[in-house]
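Remarks on the structure that follows.
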Amino acid sequence: MSTSSTPEPPTKQLENLKLENGSGQGDKPATPPSTPTPPPSTLEEQFKLFSKFGDPKSDGRQITLSNSDKWMKQAKVIDGKKITTTDTGIYFKKLKSLKVGIVDYKKFLEDLAKNKKIEYEEIKSKLANCGPPGHHGVGKVHNTSAVDRLTDTSKYTGTHKQRFDETGKGKGIAGRKELLDDSGYVSGYQNKDTYQKKE
-7 MSTSSTPEPP TKQLENLKLE NGSGQGDKPA TPPSTPTPPP STLEEQFKLF SKFGDPKSDG
53 RQITLSNSDK WMKQAKVIDG KKITTTDTGI YFKKLKSLKV GIVDYKKFLE DLAKNKKIEY
113 EEIKSKLANC GPPGHHGVGK VHNTSAVDRL TDTSKYTGTH KQRFDETGKG KGIAGRKELL
173 DDSGYVSGYQ NKDTYQKKE
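Residue -7 is where the sequence shown starts when you use this note's numbering, and the numbers rise one by one after that.
Dropping the structure here:
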């Protein structure tokens, strides 16, 4: 009645083992979960974002020429050859307004596309899919020897030298102007502040 059960060999256990990327039985590994792609933006959504960009007072309903140019540069509509900022300025000024709404902006894009012989839909799709506004091309400041030389107060001479103490900290107005001693004593008086008032 007693039957001894023998343990399974390790190879059998490995076959039954399931891994995160698939099973141990030679299945193809599962593809890693892909990040969800954001839904494509529309021209109107991008218009609202770029009209607010850099202008805290903007409500997103009207865009300026400056913000329009930033948007077009980011979307690579303005390439410096076929379309330039001069072109956008000319066609934007035809609208006779410093800020324009989305309806007038579409008219501006149609006029620009027609006169520059570019498809309106191509410009529209580039503007819609360029991503949110951002700062591009901002580099770090390079510290050069000229800057070091000009900001080292130990190398100052003449009256400029008198503006700083030994540590390089500025003295303020005392370093720029000769302040008068208006204490009431003459300059050679030895017993300053020794006079006691009678009570």
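For each residue, glycine too, the CB sits at the ideal point set by N, CA and C.
Bear in mind the structure is a predicted one, so any value in this text is a computation, not a measurement.
* Could you tell me the distance, in whole angstroms, from the CA atom of residue 153 to the CA atom of residue 175? => Reading the sequence shown from its first residue, position 161 is the one you call residue 153. Reading the sequence shown from its first residue, position 183 is the one you call residue 175. Cα-Cα distance, rounded: 27 angstroms.
* To do: Using 10 angstroms around the beta-carbon of residue 59, count the other beta-carbons present and answer buried if the total reaches 16, otherwise exposed.
  => For this step, residue 59 is matched to residue 67 along the sequence shown. Flag for residue 59 reads buried.
* Are at least three pairs of beta-carbons, each pair with one atom in the region 141 to 148 and one in the region 78 to 93, less than 8 angstroms apart? -> no
* To do: Might you give, ordered along the chain, the residues of its own chain that have their beta carbon closer than 6 angstroms to the beta carbon of residue 63, omitting 5 neighbours on each side?
  => Counting from one through the sequence shown, the residue named residue 63 turns up at place 71. 42.
* Cβ-based neighbour list, residue 36, same chain, cut-off 8 angstroms, excluding 5 preceding and 5 following -> The residue labelled residue 36 in the question sits at position 44 within the sequence shown. So the qualifying residues of the chain are 94.
* How would you call residue 38, buried or exposed, if buried means at least 16 neighbouring beta carbons within 10 angstroms? -> Here residue 38 refers to the residue found at position 46 when the sequence shown is read from its first residue. Burial call: buried.
* Asked: Would you report the Cα separation of residue 183 and residue 177, rounded to the nearest angstrom?
  -> The residue labelled residue 183 in the question sits at position 191 within the sequence shown. The residue labelled residue 177 in the question sits at position 185 within the sequence shown. Going by the C-alpha atoms only, they are around 9 angstroms apart.
* Beta-ladder partner(s) of residue 162, from DSSP -> In the sequence shown, the residue the question calls residue 162 occupies position 170. DSSP, once it has assigned bridges, lists 156 as partnering residue 162.
* First and last residue of the alpha helix (DSSP H) that includes residue 192? -> It is not possible to answer for residue 192, since the shown part of the chain is limited to -7 through 191.
* Is DSSP giving residue 151 helix, strand or coil here? -> Here residue 151 refers to the residue found at position 159 when the sequence shown is read from its first residue. Here residue 151 sits in helix by DSSP.
* Is the distance from the Cβ of residue 44 to the Cβ of residue 118 below 8 angstroms? -> As a working note, residue 44 is residue 52 in the sequence shown. As a working note, residue 118 is residue 126 in the sequence shown. The answer is no: Cβ separation not under 8 angstroms.
* **Per DSSP, the bridge partner or partners of residue 92** => The count along the sequence shown starts at 1 and reaches residue 92 at position 100. Note: residue 92 sits in a beta bridge opposite 55.
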